[in-house]
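A.B. asks: If you read the sequence shown in numbering that gives the first Met the number 0, its first letter stands for residue 0, the second for the next number, and so on.
Attaching a single structure in structure tokens format; questions to follow.
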Amino acid sequence: MYVHDIRSPHKMDGAATNTASVIPEVVLSSSSTRKAMPVIGFGTAADSNDSATLISAVLEAIKLGYRHFDTASLYGSEQALGEAIAQALSVGLVTSRDDLFITSKLWCNDAHSHLVLPALQKSLRSLQLEYIDLYLIHWPISSTPEKGRWPIDEQDLMPMDFKSVWAAMEECQRLGLAKSIGVSNFSCKELQNLLSSATIPPSVNQVEMSPVWQQKKLREFCKANGIVVTAFSPLGAKGCSWGTHQVMENEVLQEIAKARGKTVAQVCLRWIYEQGEILVVKSYNKERMKENLQIFDWELSEDDHNKISQIKQHRMMRKEELVSARGPYKSVVEFGMESF
Ligand code: NAP
């Protein structure tokens with residue numbers, strides 16, 4: 000039912016933690032390396048990201064077996080993630096930087112051709128890294144360069160010049176500063192636009208995806224074009240200011256979880272994995288971090304899949320703040336409301 004282009008499972012003996020896990024990996028088609036991307040990433044977007052909490056969460060995550068970390072210049076988590084990586088290397092939790100897969104993202108006010116490389120260089124300094132594994136355009140929209148990051152004032156929203164911004168992203172890959180490049184929150188239409196001038200096609204499109212927002216049409220398009228989908232907010236970001244309870248409190252998912260002796264979170268993550276996609280999930284709680292990794296030694300049944308496919312669809316992240324009568328996207332529908 001599910002097919003991954005798995006090069007080799009990423010074996011973690013978890014000796015320090017008793018958590019034996021095997022995290023499969025996916026090779027990205029347009030990457031400049033053959034290094035693969037672990038199918039589970041550790042998210043670092045939080046309403047308050049204090050350094051001490053984040054550093055200890057990342058160190059714990061590494062001990063448990065996470066090797067793929069997702070950050071963005073917007074999240075304010077790059078510095079602490081970088082510090083945690085430096086500590087993990089110095090105490091030998093990982094033997095080499097190459098053992099980790101790090102993703103970061105270009106924010107809207109840097110989404111101008113001349114600002115892309117400086118923005119990546121700034122992220123690299125914050126992360127204390129010489130390269131990142133994946134650099135994504137965070138949203139398909141630009142904003143006035145010198146203005147604040149979030150929220151973006153209506154008058155600062157600008158259409159993105161996909162051609163020149165993507166060419167600058169390609170330069171980042173050519174320089175070896177980003178091993179792969181991709182996008183986030185792009186619709187089929189925006190991907191099509193980007194692909195029409197791209198020399199290096201995007202490796203990844205990171206989008207909201209869960210059993211409650213399944214993204215079938217977008218996933219078909221991505222698959223046909225060799226683009227790997229990474230699911231963000233796979234649990235509906237429950238408890239976060241941008242989140243919803245509709246995923247974790249969904250009755251169908253609760254019933255399946257009960258019948259299988261799993262948690263709703265595990266059912267959500269396993270479902271994404273069985274769709275053949277990658278996911279990033281955030282927890283700074285050791286038990287939940289562990290729980291989220293325990294999805295590789297069991298399967299959902301065909302009946303479970305049928306039930307999940309009938310769940311009423313609801314998009315959580317509508318980003319109405321980026322939609323304006325004066326901006327490049329006049330309505331939420333125009334702003335990439337891909338349907339299921
Ligand atoms: P999420 O991973 O769906 O949910 C995170 C929330 O769920 C946290 O409140 C966490 O709390 C809780 N949680 C985690 N595991 C749990 C479990 N097993 N049982 C119960 N609750 C659990 O949402 P997200 O953080 O929005 O998405 C994941 C990552 O995707 C982000 O951190 C970020 O890196 C990325 N992201 C990208 C974009 C984009 O535009 N590209 C947008 C949003 C997110 P605890 O920490 O207390 O466990």
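Ideal Cβ placement from N, Cα and C applies to all residues, glycine included.
Pairing CB atoms from the region 310-319 with CB atoms from the region 86-93, are three or more of them under 8 Å?
C.D. replies: No, because fewer than three Cβ pairs between the region 310-319 and the region 86-93 fall closer than 8 Å, the two stretches do not touch.
A.B. asks: Is V279 helix, strand or coil by DSSP?
C.D. replies: If DSSP states are grouped into helix, strand and coil, V279 belongs with the strands.
A.B. asks: According to DSSP, is L133 part of a helix, a strand, or is it coil?
C.D. replies: Strand.
A.B. asks: Could you compute how far the alpha carbon of A85 sits from the alpha carbon of Q127?
C.D. replies: Distance between the alpha carbons of A85 and Q127: 8 Å.
A.B. asks: Rounded to whole angstroms, what is the Cα-Cα separation between V332 and G326?
C.D. replies: Their backbone Cα atoms lie some 14 Å apart in a straight line.
A.B. asks: Can you name the start and end residues of the alpha helix (DSSP H) that T52 belongs to?
C.D. replies: Segment S50 to L63, the alpha helix (DSSP H) holding T52.
A.B. asks: Give me, in chain order, the residues of the same chain whose beta-carbon lies closer than 8 Å to that of C187; leave out the 5 immediate sequence neighbours on both sides.
C.D. replies: The residues are K216, L217, F220 and E337.
A.B. asks: Give me whichever residues DSSP pairs with Q253 in a beta bridge.
C.D. replies: In DSSP, Q253 forms no bridge with anything.
A.B. asks: Measuring straight from C-alpha to C-alpha, what distance separates K329 and L321?
C.D. replies: Cα-Cα distance, rounded: 9 Å.
A.B. asks: Helix, strand or coil for S228 per DSSP?
C.D. replies: It is worth fixing the name first, because residue 228 is Val in this sequence and not Ser. V228 falls in the strand class under three-state DSSP.
A.B. asks: Could you pull out every residue in the same chain whose Cβ sits closer than 6 Å to the Cβ of I180, ignoring the five residues on either side in sequence?
C.D. replies: So the qualifying residues of the chain are Y134, M168 and Q172.
A.B. asks: Consult DSSP for G91 and reduce its assignment to one of helix, strand or coil.
C.D. replies: DSSP places G91 in coil when its eight states are reduced to three.
A.B. asks: On a Cα-Cα basis, can you pick out the residue from R124, L194, V227 and A56 that is closest to K285?
C.D. replies: Answer by Cα proximity: A56.
A.B. asks: On the DSSP bridge list, what partners appear for E207?
C.D. replies: DSSP lists F231 as partners of E207.
A.B. asks: Round the Cβ separation of L194 and N224 to the nearest angstrom and send it over; I've been treating them as touching at under 8 Å.
C.D. replies: About 7 Å; that satisfies the 8 Å criterion.
A.B. asks: Compute every distance between the C-beta of N204 and the non-hydrogen atoms of the ligand NAP, then say whether any falls below 7 Å.
C.D. replies: No; taking the cut-off as 7 Å, the Cβ of N204 has no heavy atom of the ligand NAP nearer than that.
A.B. asks: Sort out for me which residues DSSP pairs K104 with in a bridge.
C.D. replies: Paired residue(s): L135.
A.B. asks: Taking the Cβ atom as the reference point for each residue, do I131 and S142 lie within a distance shorter than 8 Å?
C.D. replies: Taking 8 Å as the Cβ cut-off, I131 and S142 do not qualify as a contacting pair.
A.B. asks: Since H304 is in the alpha helix (DSSP H), which residue starts that stretch and which ends it?
C.D. replies: Per DSSP, H304 belongs to the alpha helix (DSSP H) from E301 to S308.
A.B. asks: Please name the residue in V164, P158, D98 and L156 whose C-alpha comes closest to that of A118.
C.D. replies: It is V164.
A.B. asks: Looking at the unbroken alpha helix (DSSP H) that takes in S183, where does it start and where does it end?
C.D. replies: Run containing S183: none in the alpha helix (DSSP H); it sits in the beta strand (DSSP E), A177 to S183.
A.B. asks: Which first and last residues belong to the beta strand (DSSP E) in which H67 is found?
C.D. replies: Where H67 is concerned, the enclosing beta strand (DSSP E) stretches over H67 to D69.
A.B. asks: I310: which of E298, T229 and V211 sits nearest, CA to CA?
C.D. replies: Checked all of E298, T229 and V211; the closest Cα to I310 is V211.
A.B. asks: Just list the residues that DSSP pairs L156 with in beta bridges.
C.D. replies: Answer by DSSP bridge pairing, in chain order: S142.
A.B. asks: Are there three or more Cβ pairs, one per stretch, closer than 8 Å when the region 65-79 is compared with the region 96-107?
C.D. replies: Cβ pair count under 8 Å is three or more, so yes.
A.B. asks: Across which residues does DSSP place W270 in a beta bridge pair?
C.D. replies: W270 is not bridged to any residue.
A.B. asks: When the Cβ atoms of the region 257-274 are set against those of the region 285-297, are three or more pairs found closer than 8 Å?
C.D. replies: Cβ pair count under 8 Å is three or more, so yes.
A.B. asks: Tell me the rounded alpha-carbon separation between S7 and M157.
C.D. replies: Since pLDDT at S7 reaches only 46, below the 50 mark, its modelled position is unreliable, and the value read off the structure follows with that caveat. Their backbone Cα atoms lie some 42 Å apart in a straight line.
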